[in-house]
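Trainee: Submitted below is the structure of interest, expressed as structure tokens.
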Amino acid sequence: MALAYFFAMFFMFHVVMFNLVEVESKSCPKEFNCGRLGSMSYPFSEFNKPYCGLSKIDCNNTFQYPKIEIEGVTYNAYKKWLWVNGIDLSDSILEGYLANRSCKSFERNLSFPNTPSVSFGVFNNITLFKCMNASTSTSSNEEIGGYFRRYEKYLNCDGFNLYYHKPRTDHRNYSIPVDEDDLPANCSIIRLPLKYIPTSVPVPSDLFELLSSNFTLDWEVSKDCSKCFYREGQCQSDSKNNFFCSKAAKKNLGLILGSVLGGIFIIAISIVINIICCCKKGNRSFTNVLPRSTPSEPSTQSYELDSGFFGVPVFSYAELQHATMNFDSSRELGDGGYGTVYYGKLQDGREVAVKRLYDHNARRKEQFVTEIEILTRLRHKNLVTLYGCTSKLSDQLLLVYEYVPNGTIADHLHGHKVKDGSLTWPIRMKIAIEAATALACLHASDIIHRDVKSNNILLDQNFCVKVGDFGLSRLHPTDISHISTAPQGTPGYVDPKYHECYQLTDKSDVYSFGVVLVELLSSMPAVDFSRRNEEINLSNYAINRILRCAFNELIDPSLGFQSDAEVRRMTTSVAEISFRCLQHDKDMRPTMVEVLETLQEIQNGEFKHDKKIDCDGNTKESVQVPLSPESEVDVLLKKLNNKFPTSPVSVTQVWISDSSTSTTST
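In short: position in the sequence shown from 1, add 2, done, that's this note's numbering.
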């Protein structure tokens, strides 16, 4: 019987090991290390496991950069984005063609697989229409020229001409959706990477000056594919290009379980036979032959779909504690309503701003999740970059951002960074446009910021804007007209309608941005108790001056309002758009897109005054005089009386309340 038991165990062991080796050889890891790119996962696969993804990566250390093969084209991979699904690639062949201004450049094309599982996109590219010349085409030059009469042309290639739209300076994507069946015969579409052009630089007229060999590839994995992937299936498409999840892994698992159960059955039969034999011999101590067992711990393995927590890297508390020198007070950058921000330096050399949420804040988990969700959904050059966070299960909730070194608008207008002549009018106009661009981007994604203020608009060394502090923000679905909420925001910036019905819309952000515009015009703080009671709020002060056309009392004289006609034209125009933003009735306010377009028109000299305001202090019927309710000032005074022995002259940087945030880094 012992011999039978031995053979049963031997058989079971080899069957299980054979199947484990087979499964291991065909299994797909959730992640794999790829040198300088760090951890990679589906839709990419290791070069020796092409069945695990849509695109192969060769992570061989002999290469300077990992190689990614997509649709038969090999690219160099320079950097993986940390907070979104994005990777920086370069086409070395295209780079050579562009350097030589070769028409072979237009034999290249950005083409990526789009399946039910994954969709790929290129962050910045341009659509070109390549049309063969009449001698080699069934379409006449007249027909092609008529079709593309409003397009830019490039006619210096033998055998074909190129047509395209010249990009604008707002860096929108110029990949144009086109019905290829509608094109003239022998015309085809190609897409190539578009070079980044600073807004301060004119758009080149030469096509080759617009093109680049470098681009950012982003991708989005479908929910069905994510579920399949985290359950160890494989995302595939059937003959009709419909998604299905391959159950190969489960079949192999079933084979293993079957082998194990079969082996256990053989062992059990052997044991029963052995017991019977022992009983026949009168041996009652048969229990000695039973295998000893210990209770096994229940499996805690979980395929949590948000295991990366919205895909952002997770830092340990110890790592961030070290980066900030144990959260030393000398490294404190700002102190807000629900967290303190510290300067830090990570082990890889990156300078960061670390926000540490207060333990006593009952809503800190909600604010923590909100900020991560928003900053991982959106990627824009005028929004702060989120590098990562601590685990959502950690006792210490920390958010890690890029460090923006030049402070906030408030610092430069009426704070500790004020310097005569440092914020000229062109710089202020640039700041206004970039901040409006960021807010328009949020609203386009159905997000309300809810705490727009000059302390939440950061500046880098080139005075480029980074809007931050999304802890109070809310998603605002398009089928819902408003969000009802408890009191939020910062005194001086809060929509006056908010105190009546506690409802927020995107127009609430517009009102707050109107206050920021007035700050840029006047260099005055949003709340100042040295002003008369009815003008403590800067919005009321500005409305009074604008209605009387007393712009000289509102606009900072250091900007050249009296001496420079162009500055006078632009500042009075910005005052007009700020007046519209500050309307008491939200329906009278413009949208952020309209504000942005108006600011761009003012900058380009295309803005025409609506003449809705006369200089006698009267307004036409289409404009309503916005007067903020006394309740906001009353609430503010009560808070001051309760919290401080004496009232400050102004509320600028450090206004600490349970419902407001104020930082200099996020």
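Here a beta-carbon is modelled for each residue, glycine too, at the ideal position from N, C-alpha and C.
Per DSSP, residue 42 forms a beta bridge with which residues?
Mentor: Here residue 42 is taken as the residue at index 40 of the sequence shown, counted from 1. Beta-bridge pairing links residue 42 to 34.
Trainee: I'd like to check one pair, residue 435 with residue 584: are the Cβ atoms closer than 8 Å?
Mentor: Locating residue 584 in the sequence shown gives position 582, where the first residue counts as 1. Locating residue 435 in the sequence shown gives position 433, where the first residue counts as 1. For residue 584 and residue 435, no; Cβs fall outside 8 Å.
Trainee: Measure from the alpha carbon of residue 357 to the alpha carbon of each residue in 369, 351, 349, 350, then state which is nearest.
Mentor: For the purposes of this step, residue 357 is identified with residue 355 of the sequence shown, where counting begins at 1. For the residues 369, 351, 349, 350, the minimum Cα distance to residue 357 belongs to 369.
Trainee: Keeping to the same chain, check which residues put their C-beta closer than 6 Å to that of residue 671; ignore five residues upstream and five downstream.
Mentor: Here the chain covers residues 3 to 668 and nothing more, so residue 671 does not appear.
Trainee: Under 8 Å by Cβ, that's how I've got residue 472 and residue 377 pegged, so tell me the actual separation to the nearest angstrom.
Mentor: Working through the sequence shown from its first residue, we reach residue 472 at position 470. Working through the sequence shown from its first residue, we reach residue 377 at position 375. With a Cβ gap of about 7 Å, residue 472 and residue 377 count as contacting.
Trainee: Considering residue 71, what are the terminal residues of the beta strand (DSSP E) in which it resides?
Mentor: Here residue 71 refers to the residue found at position 69 when the sequence shown is read from its first residue. Looking at the DSSP string, the run of the beta strand (DSSP E) that includes residue 71 is 69 to 72.
Trainee: Determine the burial state of residue 486: buried for a count of at least 16 other Cβ atoms within 10 Å of its Cβ, exposed for fewer.
Mentor: Mapped onto the sequence shown, residue 486 falls at position 484. A caution first: residue 486 carries a pLDDT of 38, below 50, which makes its placement in the model unreliable, though a value can still be read off. Its Cβ having fewer than 16 others within 10 Å, residue 486 is exposed.
Trainee: Using C-beta distances below 6 Å, list every residue in its chain close to residue 592, excluding the 5 sequence neighbours before and after it, in chain order.
Mentor: Translated into the one-based positions of the sequence shown, residue 592 becomes position 590. Closer than 6 Å at the Cβ level, and outside the excluded window around residue 592, lie 582.
Trainee: Can you tell me whether residue 220 is helix, strand or coil according to DSSP?
Mentor: Stepping through the sequence shown from its first residue, residue 220 is reached at position 218. DSSP places residue 220 in strand when its eight states are reduced to three.
Trainee: Alpha helix (DSSP H) containing residue 511: first to last residue?
Mentor: To locate residue 511, count along the sequence shown from 1; it is residue 509. Its alpha helix (DSSP H) spans residues 508 to 524.
Trainee: Rounded to a whole number of angstroms, what is the C-alpha to C-alpha distance between residue 461 and residue 413?
Mentor: In the sequence shown, the residue the question calls residue 461 occupies position 459. In the sequence shown, the residue the question calls residue 413 occupies position 411. Distance between the alpha carbons of residue 461 and residue 413: 10 Å.
Trainee: With a threshold of 8 Å on Cβ separation, who are the neighbours of residue 245 within its own chain once the five nearest residues in sequence on each side are excluded?
Mentor: In the sequence shown, counting from the first residue as 1, residue 245 sits at position 243. Here the set comprises 117, 118, 119, 224, 226, 227, 237, 238, 239.
Trainee: Keeping to the same chain, check which residues put their C-beta closer than 6 Å to that of residue 46; ignore five residues upstream and five downstream.
Mentor: Position 44 of the sequence shown, counted from the first residue, corresponds to residue 46. For residue 46, where only same-chain residues beyond five positions count, the Cβ hits under 6 Å are 55, 57, 59.
Trainee: At a cut of 8 Å, does the segment 552 to 566 reach the segment 439 to 449 through at least three beta carbon pairs?
Mentor: Verdict: no, contact absent.
Trainee: What does the alpha-carbon distance come out to for the pair residue 35 and residue 43?
Mentor: What you label residue 35 is simply residue 33 of the sequence shown in a count that begins at 1. What you label residue 43 is simply residue 41 of the sequence shown in a count that begins at 1. One C-alpha to the other measures close to 9 Å.
Trainee: Relative to the alpha-carbon of residue 677, which residue among 564, 39, 37, 52 has its alpha-carbon at the smallest distance?
Mentor: The structure shown does not extend to residue 677, since the chain is modelled only from 3 through 668, so no value can be given for it.
Trainee: Below 8 Å between beta carbons: does that hold for residue 420 and residue 403?
Mentor: The residue you call residue 420 lines up with position 418 of the sequence shown. The residue you call residue 403 lines up with position 401 of the sequence shown. It is not a contact, given that the beta carbons lie outside the stated cut-off.
Trainee: Is the beta carbon of residue 598 less than 8 Å from the beta carbon of residue 521?
Mentor: Here residue 598 refers to the residue found at position 596 when the sequence shown is read from its first residue. Here residue 521 refers to the residue found at position 519 when the sequence shown is read from its first residue. No; because the gap between Cβ atoms is not below 8 Å, this pair is not in contact.
Trainee: How many Å lie between residue 394 and residue 322 at the Cα?
Mentor: As a first step, residue 394 is located in the sequence shown; it is residue number 392 there, counting from the start. As a first step, residue 322 is located in the sequence shown; it is residue number 320 there, counting from the start. Residue 394 and residue 322: Cα-Cα distance of roughly 15 Å.
Trainee: Does residue 64 pass the burial test, meaning 16 or more other C-beta atoms within 10 Å, or should it be called exposed?
Mentor: For the purposes of this step, residue 64 is taken as the residue at position 62 of the sequence shown. By the neighbour-count rule (16 or more Cβ atoms within 10 Å), residue 64 is not buried but exposed.
Trainee: Excluding the 5 residues flanking residue 405 on each side, which residues of the same chain have their C-beta closer than 7 Å to its C-beta?
Mentor: In the sequence shown, residue 405 corresponds to position 403, counting from 1. Hits under 7 Å: 345, 353, 354, 355, 667.
Trainee: Could you pull the DSSP bridge partners for residue 238 from this structure?
Mentor: Within the sequence shown, numbered from 1, the residue matching residue 238 stands at position 236. According to DSSP, which records beta bridges pairwise, residue 238 is partnered with 246.
Trainee: Go ahead and pull the three-state DSSP assignment for residue 316.
Mentor: As a position in the sequence shown, residue 316 is number 314, starting the count at 1. Strand, per DSSP.
Trainee: Are the Cβ atoms of residue 100 and residue 215 separated by less than 8 Å?
Mentor: Reading the sequence shown from its first residue, position 98 is the one you call residue 100. Reading the sequence shown from its first residue, position 213 is the one you call residue 215. Closer than 8 Å, so yes.
Trainee: Is residue 528 helix, strand or coil when you go by DSSP?
Mentor: Working through the sequence shown from its first residue, we reach residue 528 at position 526. Correct three-state label for residue 528: coil.
Trainee: What do you reckon, are the CB atoms on residue 411 and residue 459 nearer than 8 Å?
Mentor: The residue you call residue 411 lines up with position 409 of the sequence shown. The residue you call residue 459 lines up with position 457 of the sequence shown. Cβ atoms of residue 411 and residue 459: closer than 8 Å.
Trainee: Write down every uninterrupted run of the alpha helix (DSSP H) in the segment 393 to 436 whose length is 4 residues or greater and which is fully enclosed by it, in chain order.
Mentor: List check, alpha helix (DSSP H) in window: 411 to 416.
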